[in-house]
Amino acid sequence: MAHGHGRCRCCGADAEPAERGAAWGLYLRIDRQRLQCLNERREGSGALVFRAWEQRGDRAQFVESDDDEELLFNIPFTGSVKLKGVLVMGEDDGTHPAEMRLFRNIPHMSFDDTAREAEQTFSLNRDPLGELEYPTKHSWADALSSIRLPYVKYICPHAPRIPVTLNMKMVMPSWFDLMGLTPDAPEDEAGIKKAAENIKAIIEHEMKNGIPPNRIILGGFSQGGALSLYTALTCQHQLAGIVALSCWLPLHKAFPQAANNGVNKDIAILQCHGEMDPMIPVRFGALTAEKLKSVVTPTKVQFKTYPGVMHSSCPQGSAC
Numbered sequence: 101m102a103h104g105h106g107r108c109r110c111c112g113a114d115a116e117p118a119e120r121g122a123a124w125g126l127y128l129r130i131d132r133q134r135l136q137c138l139n140e141r142r143e144g145s146g147a148l149v150f151r152a153w154e155q156r157g158d159r160a161q162f163v164e165s166d167d168d169e170e171l172l173f174n175i176p177f178t179g180s181v182k183l184k185g186v187l188v189m190g191e192d193d194g195t196h197p198a199e200m201r202l203f204r205n206i207p208h209m210s211f212d213d214t215a216r217e218a219e220q221t222f223s224l225n226r227d228p229l230g231e232l233e234y235p236t237k238h239s240w241a242d243a244l245s246s247i248r249l250p251y252v253k254y255i256c257p258h259a260p261r262i263p264v265t266l267n268m269k270m271v272m273p274s275w276f277d278l279m280g281l282t283p284d285a286p287e288d289e290a291g292i293k294k295a296a297e298n299i300k301a302i303i304e305h306e307m308k309n310g311i312p313p314n315r316i317i318l319g320g321f322s323q324g325g326a327l328s329l330y331t332a333l334t335c336q337h338q339l340a341g342i343v344a345l346s347c348w349l350p351l352h353k354a355f356p357q358a359a360n361n362g363v364n365k366d367i368a369i370l371q372c373h374g375e376m377d378p379m380i381p382v383r384f385g386a387l388t389a390e391k392l393k394s395v396v397t398p399t400k401v402q403f404k405t406y407p408g409v410m411h412s413s414c415p416q417g418s419a420c
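Counting in the numbering used here, the sequence shown runs from 101 upward without gaps.
Printed below as a string of structure tokens:
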């Protein structure tokens, strides 16, 4: 929902950081036939402002509010998604929206429903070029807080903002650069190793605070899961386990030789992957599982798949 005499464009919602692009934005997951925009001056114009990432510079299509300053979008998706951020483009004048409020799971929302408390509210800056990303709440931290146990400490580090080749060198949160998401794509070896050292530094810090390494589990989703696998398998300390969701093993050709003298040969690994993942296809997850069985004790690797799940989490995956 946008405030201000809204003349704006949206580049759609973003998928996981560093995976935004023609095939990775949530634009492809929007059910455009059921999308609604209330209080639009020109009927149907609201649906046209959601576009593919590479078309974000197209200024021909925009939406304006009609009788008052508010626009309300009902945006249905074709499946389970995880919203990571939103970009809103407008004119560099008083017509640019001033505020955006996000609501979720309110089918056929009307202006009467806007009295409810929003999930998140943003004050918008003028952004005619679509350069400002408004990140949503860190959903994994929220998910972990819902299952928080009194004897478990959760640490959710944030990736640095770096230029990502896969997404036209745009600066965004990413643990390392990505040139592609296929098993034979070039990899940012220096960046992967640097990111792993940063996570290992967190492990060392916790050990100094009295947490033995065999009580530490690394886990993550997508690039975070990939980094968890690489970090744990090259760590000099014996860790408790790895939870790897919808991901792959970076620098896989270097293994099993890259494993630190087999220190974590018996580490438990749980892999979960959506069977409809278009970004990192489930067959890549299966290849990763087979590779992991050549690095650690094969019986220690569990690979679970979830029908109908795309590049996102699901209650079963989150719970496992």
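Beta carbons: idealized from backbone N, C-alpha and C, even for Gly.
Item                                                                                                                     : Value
Beta-carbon proximity list for A354, same chain, < 7 Å, skipping 5 on both sides                                         : none
Proximity below 8 Å, CB of V188 to CB of D227                                                                            : yes
Alpha carbon of P176 to alpha carbon of L148, nearest angstrom                                                           : 15 Å
M410 vs G374 beta-carbon contact at 8 Å                                                                                  : yes
Cut-off 7 Å between Cβ atoms - residues of its own chain near I292, not counting five sequence neighbours on either side : F276, Y330, P350 and L351
Beta-carbon proximity list for V271, same chain, < 6 Å, skipping 5 on both sides                                         : R261 and P263
Residues sharing a beta bridge with Q136, DSSP                                                                           : N174
Assumed close pair M376, G408 - CB separation to whole angstroms, cut-off 8 Å                                            : 6 Å
Spatially closest choice to C137 from F211, R204 and A152, by CA coordinates                                             : F211
Rounded C-alpha distance that separates A123 from F384                                                                   : Any reading at A123 must be qualified, since the residue scores a pLDDT of 47, below 50, and its modelled position is unreliable; no value is offered.
When A198, Y127 and A218 are compared against T43, the one with the closest alpha-carbon                                 : In the structure displayed, the chain extends from 101 to 420; residue 43 sits before or after that span and is not available.
Three-state secondary structure (DSSP) of E287                                                                           : strand
Own chain, CB closer than 8 Å to R142, minus 5 neighbours either side, in chain order                                    : V163 and E164
Through-space distance from N309 to Y251, alpha-carbon basis                                                             : 15 Å
Spatial distance of L281 from A344 (CA atoms)                                                                            : 16 Å
Per DSSP, cross-strand counterpart(s) of R226                                                                            : Note: R226 sits in no beta bridge, so no partner.
S180 beta carbon near the ligand ATP (any heavy atom closer than 7 Å)                                                    : Absent from the structure shown: the ligand ATP. Ligands present: none.
Nearest-angstrom Cα separation, counted from N225 out to G121                                                            : For G121, the predicted structure reports a pLDDT of 45, less than 50, and the residue's modelled location is therefore unreliable. A value from the coordinates is still provided. Roughly 23 Å between the two C-alpha positions.
Alpha-carbon to alpha-carbon, V186 and L327                                                                              : 25 Å
Residues bridged to R261 [DSSP beta-bridge criterion]                                                                    : P273
M200, buried or exposed, once every other Cβ within 10 Å from all chains shown has been counted against 16               : buried
Nonlocal neighbours in the same chain, by C-beta distance under 8 Å from P286, ignoring five residues either side        : M279 and G280
Proximal residues to L135 (C-beta, below 8 Å), its chain only, five neighbours per side dropped                          : G146, A147, F150, F173, N174, I175 and P176
Nearest to Q336 (by Cα), restricted to the options A386, S180, P312 and G325                                             : P312
P398 burial status per 10 Å Cβ neighbour count (16 or more: buried)                                                      : exposed
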